[in-house]
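Visitor: Per our numbering, the sequence shown runs over residues 61 to 374.
Don't be surprised by glycine CBs; every beta carbon is placed ideally from N, CA and C.
None of the values given here were measured: they were computed from a predicted structure.
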Amino acid sequence: MDTLARPEVRNSYEHHHFNASRWNDFEVRPDDVIISTSYKAGTTFMQTIIGNIIFHKDGPPAAINDLSPWLDMRIFPEEMMKQGLKAQTHQRFIKTHLPLDGIPFHDNVKYIVVGRDPRDVFMSLLNHYGNHTPEFFEAMNGNPDRPGDPLPPMKEDIHEVWHDWITKGWFDWEADGYPYWSHLHHCKTWWEFRHLPNIEFFHYSNLLADLEGQMRRVANYIGVDVPEASWPRLVEACSFATVKKNPRAITGDGIDFAFKGGAETFINKGTNGRWKDVLSKAELQLYHDAMERTLDPDCAAWLENGGPVDGPAE
61 MDTLARPEVR NSYEHHHFNA SRWNDFEVRP DDVIISTSYK AGTTFMQTII GNIIFHKDGP
121 PAAINDLSPW LDMRIFPEEM MKQGLKAQTH QRFIKTHLPL DGIPFHDNVK YIVVGRDPRD
181 VFMSLLNHYG NHTPEFFEAM NGNPDRPGDP LPPMKEDIHE VWHDWITKGW FDWEADGYPY
241 WSHLHHCKTW WEFRHLPNIE FFHYSNLLAD LEGQMRRVAN YIGVDVPEAS WPRLVEACSF
301 ATVKKNPRAI TGDGIDFAFK GGAETFINKG TNGRWKDVLS KAELQLYHDA MERTLDPDCA
361 AWLENGGPVD GPAE
């Protein structure tokens, strides 16, 4: 493995979704929390958890996606997002989908990485990718500063989508993830620095299985003292059943532009294992090949199963 003493930007993530350069001059604060997932791995789940923990007294004052913007999303107005973040006086929690080799690393902020079984990510991505509106594609692909090829529409045959996603990368240094970016490479870049004290790993399966326990981990990690009496209310607010009842409290109204069915489509099922009835033995072999190609065995096992993450062996 090409090891580094500390994380460095080694790749430029610029395409239909990404404008990674927005992070280059972004002024971080010592108590910032940066949430990184590849996609469909629990990003919104973790944003909801952190938003409710930070605002544990009265609840989040706005939609979670407005409080916690996706800074590197190309079509979102950069200056508006940065000015909005600059105006925030509470502890900020900012979303990114960038791997660690594409984002400046700061010792004085805290990073939360959320992982999920790649097969579950794919099943969730089908709902996400397949329900984009024509207006969203037009905004993405008609963006005058878009580098590279446009985002293609999703193929009708989901098995063709799987084959592309698990065997092709959009960027030259990736081997999967097309036409988005690599779920496996994303995890690998953070995993290599799991020993650093300001990088903490959470897994989607663990969030589902022990929401209160994982929320307490989050609160302890980001330094928020939550009164004991508040925990039942906060856990209930972050449960999938509660979020599904009022998804616009998470997404805001702007989501209608991007998804057919709006917030109700974006907050979909929140379940794992649906791939078992979809992917064939041959298709699963492509998956295992991809895992072996990109990840070391410990990282692959964690991405599939979750559990505690220890630092690398000395």
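What does DSSP give as the partner residue(s) for F262 in the beta ladder?
Guide: V174
Visitor: Determine the closest residue to D205 out of T108, A235, R134, L145, with distance taken between C-alpha atoms.
Guide: That would be R134, whose Cα lies nearest to the Cα of D205.
Visitor: Label L64 either buried or exposed according to how many other C-beta atoms from any shown protein chain fall within 10 Å of its C-beta, with 16 as the threshold for buried.
Guide: So L64 counts as exposed.
Visitor: Suppose the cutoff is 7 Å on Cβ atoms and the five residues either side in sequence are ignored; what does the same chain contact list for R179 look like?
Guide: W335, L339, Y347
Visitor: What are the partner residues of W130, as DSSP defines its beta bridges?
Guide: K155
Visitor: Indicate the three-state DSSP secondary structure (helix, strand or coil) for I163 in the structure shown.
Guide: coil
Visitor: Report the option in H116, K117, R152 whose CA atom is closest to the CA atom of N125.
Guide: R152
Visitor: How long is the line joining the alpha carbons of D285 and L355, rounded to whole angstroms?
Guide: 36 Å
Visitor: With a threshold of 6 Å on Cβ separation, who are the neighbours of A360 within its own chain once the five nearest residues in sequence on each side are excluded?
Guide: Cβ neighbours of A360 beyond the five flanking positions: M351.
Visitor: Give the list of continuous beta strand (DSSP E) stretches no shorter than 3 residues that lie fully inside the region 304–367.
Guide: none
Visitor: Work out the CA separation of P129 and E195 for me, nearest whole Å.
Guide: As the crow flies, the alpha-carbon of E195 is around 20 Å from that of P129.
Visitor: Determine, using beta carbons only, whether V69 and I154 come nearer to each other than 8 Å.
Guide: no
Visitor: Within 10 angstroms of its Cβ, does N79 collect 16 or more other Cβ (buried), or is it exposed?
Guide: Classification of N79: buried, given that the 10 Å Cβ count is 16 or more.
Visitor: Check whether the region 253–273 and the region 363–372 touch, using three or more Cβ-Cβ pairs below 8 Å as the test.
Guide: yes
Visitor: What is the DSSP secondary structure of N191, counted as helix, strand or coil?
Guide: coil
Visitor: Any chance you could list the alpha helix (DSSP H) runs of at least 4 consecutive residues sitting entirely within the region 65–95, in chain order?
Guide: Those alpha helix (DSSP H) runs which fall completely within the region 65–95 and span 4+ residues do not exist here.
Visitor: For the alpha helix (DSSP H) that contains Y99, what are its first and last residues?
Guide: Careful: Y99 lies outside any alpha helix (DSSP H) and carries neither H nor E.
Visitor: Examine the ligand MG and report whether any of its heavy atoms sits within less than 7 Å of the Cβ of H116.
Guide: No copy of the ligand MG appears in this structure; indeed no ligand is present at all.
Visitor: Thinking C-alpha only, which one of G102, W222, T108, G119 is nearest L186?
Guide: Closest option to L186, Cα to Cα, is W222.
Visitor: So, is T104 buried or exposed, given that buried needs 16 or more other C-beta atoms within 10 angstroms?
Guide: buried
Visitor: How many Å lie between G176 and P357 at the Cα?
Guide: In the sequence as displayed, the identity of residue 176 is Arg instead of Gly. Going by the C-alpha atoms only, they are around 15 Å apart.
Visitor: For E74 and L244, I'd like the C-alpha separation in whole angstroms.
Guide: 18 Å
Visitor: Taking only the alpha-carbon atoms, compute the straight-line gap between N84 and R66 and give it to the nearest angstrom.
Guide: 17 Å
Visitor: Could you round the C-beta distance between V278 and H166 to whole angstroms and report it? I think they count as a contact, below 8 Å.
Guide: Contact flag wrong, Cβ pair sits at about 19 Å.
Visitor: Does DSSP put M214 in a helix, a strand or coil?
Guide: In the structure shown, M214 sits in coil (DSSP, three-state: anything other than H, G, I, E or B).
Visitor: Compare the beta carbon distance of I110 and I282 with 8 Å and say whether it is the shorter of the two.
Guide: yes
Visitor: Quick one: what's got a C-beta closer than 7 Å to T249's C-beta in the same chain, skipping five residues either side?
Guide: P159, L160, D161
Visitor: Taking M275 as the reference, which of H116, R82, Q148, H76 has the closest Cα?
Guide: H116
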